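Engineer: If you want our numbering, it's the 1-based position in the sequence shown plus 11.
Submitted below is the structure of interest, expressed as structure tokens.
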Amino acid sequence: GQHSNEEYDAILDWINGDLKVDQVYHWVNNPEKFDDFDGLLLRGDRNPNTKGLLERLDARKLNKTWQDFETKLKAGTVRVVIVVGPENPAVYSDMGEKVQLINGVDKVVWMSACPVGELNTMTGTTWQIPLKTFVEKPGTYVNFQGRAQTVKPVTFLVKQALSVVEAVQLMAGEASKVELVEPEHHPKKNYFVYSRGPL
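Written out as structure tokens, the structure reads:
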């Protein structure tokens, strides 16, 4: 649950609505601490919008379990996987395990704000789409109390990164709807540029 409600709506409307695919799975990190909360800031799953994601999945009756997904992968019935990857991979200690789980699938589209080195081991065709971070895009997030809060973009770290909404528009063949921010002639070199790498 690291992306906005608007982003989840866009990808779920496209996958479940337009493509009529109901094989949507929620990758729960830190399942043993999922319901923990420190009373101030940190939730057990370390994600800012898990409640928003779960609301959207429930509204569409997309309640498949991760075990269902693993069973289909082991049976070899999955040919394409689209991953709306975490913005903060540091809180996903099982990243390598999950990448190996989908290794062998014919085609993988992985969207993430940070490079995922583990994807270099993939044997099938893999596309990585660079995503904007929460400070680069508007969106609504539902906090641990169920309160929806909207944020506005404050800067652009990687000028041609996309939101999930924009990535869905590209994959759906609606590239004309995507408004890319033009890169600066001399972009600043900062931590995020070095961490996320060039596009």
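Glycine included, every Cβ here is placed at the ideal spot set by N, Cα and C.
None of the values given here were measured: they were computed from a predicted structure.
Return the CA-CA distance between THR143 and ALA172, expressed in angstroms with no decimal places.
Structural biologist: Translated into the one-based positions of the sequence shown, residue 143 becomes position 132. Translated into the one-based positions of the sequence shown, residue 172 becomes position 161. In the sequence as displayed, the identity of residue 143 is Lys instead of Thr. Approximately 5 Å, taken between the alpha carbons.
Engineer: How about the stretch 169–187 and the stretch 16–25: do they share at least three Cβ pairs that are nearer than 8 Å?
Structural biologist: Enough Cβ pairs lie closer than 8 Å, so yes.
Engineer: Hey, could you find the ends of the alpha helix (DSSP H) VAL212 is sitting in?
Structural biologist: There is simply no residue 212 to check, as the chain begins at 12 and stops at 210 in what is shown.
Engineer: How would you write the range of the alpha helix (DSSP H) that ASN61 sits in, first residue to last?
Structural biologist: Sequence index remark: in the sequence shown, residue 61 carries index 50 (1-based). Per the sequence shown, residue 61 should be read as Thr rather than Asn. Segment 61–70, the alpha helix (DSSP H) holding THR61.
Engineer: In the DSSP assignment, find the unbroken beta strand (DSSP E) run with TRP77 in it and report its ends.
Structural biologist: Start at 1 with the first residue of the sequence shown, and residue 77 comes out as number 66. Element bounds for TRP77: not the beta strand (DSSP E) but the alpha helix (DSSP H), 77–86.
Engineer: If you compare alpha carbons, which of ASP47, ARG67, PRO59 is closest to ILE22?
Structural biologist: Position 11 of the sequence shown holds residue 22. Per the Cα distances, ARG67.
Engineer: Give the range of the beta strand (DSSP E) segment to which MET122 is assigned.
Structural biologist: As a first step, residue 122 is located in the sequence shown; it is residue number 111 there, counting from the start. Element bounds for MET122: 118–123.
Engineer: Starting from TYR152, follow the beta strand (DSSP E) in both directions and report where the run begins and ends.
Structural biologist: Residue mapping note: residue 152 aligns to position 141 of the sequence shown, counting from 1. Run containing TYR152: 150–153, per the beta strand (DSSP E) assignment.
Engineer: Assuming ASP110 and LEU130 form a contact by the criterion Cβ under 8 Å, report the distance between their Cβ atoms to the nearest whole angstrom.
Structural biologist: Stepping through the sequence shown from its first residue, residue 110 is reached at position 99. Stepping through the sequence shown from its first residue, residue 130 is reached at position 119. Asp is not the amino acid found at residue 110; the sequence shown has Val there. Their Cβ separation, rounded to whole angstroms, is 6 Å, which keeps VAL110 and LEU130 in contact under 8 Å.
Engineer: Since TRP25 and ALA183 are thought to touch, with beta carbons under 8 Å apart, how far apart are those beta carbons, to the nearest angstrom?
Structural biologist: Numbered from 1 along the sequence shown, position 14 holds the residue referred to as residue 25. Numbered from 1 along the sequence shown, position 172 holds the residue referred to as residue 183. Between ALA183 and TRP25 the Cβ distance is about 6 Å, and since that is below 8 Å, they are a contact.
Engineer: Roughly how many whole angstroms lie between the Cα atoms of THR136 and ALA159?
Structural biologist: As a working mapping, residue 136 is identified with position 125 in the sequence shown. As a working mapping, residue 159 is identified with position 148 in the sequence shown. Roughly 37 Å separates the two Cα atoms.
Engineer: Here's a check: name, in chain order, each residue in its chain whose Cβ is nearer than 7 Å to the Cβ of VAL7, leaving out the five neighbours to either side.
Structural biologist: Residue 7 lies beyond the stretch modelled for the chain, which goes from 12 to 210, so this question has no answer here.
Engineer: What does a CB cutoff of less than 8 Å around VAL189 pick up in its chain, not counting 5 residues either side in sequence?
Structural biologist: By one-based count along the sequence shown, residue 189 stands at place 178. LEU173, GLU177, GLN180, LEU181, listed in sequence order.
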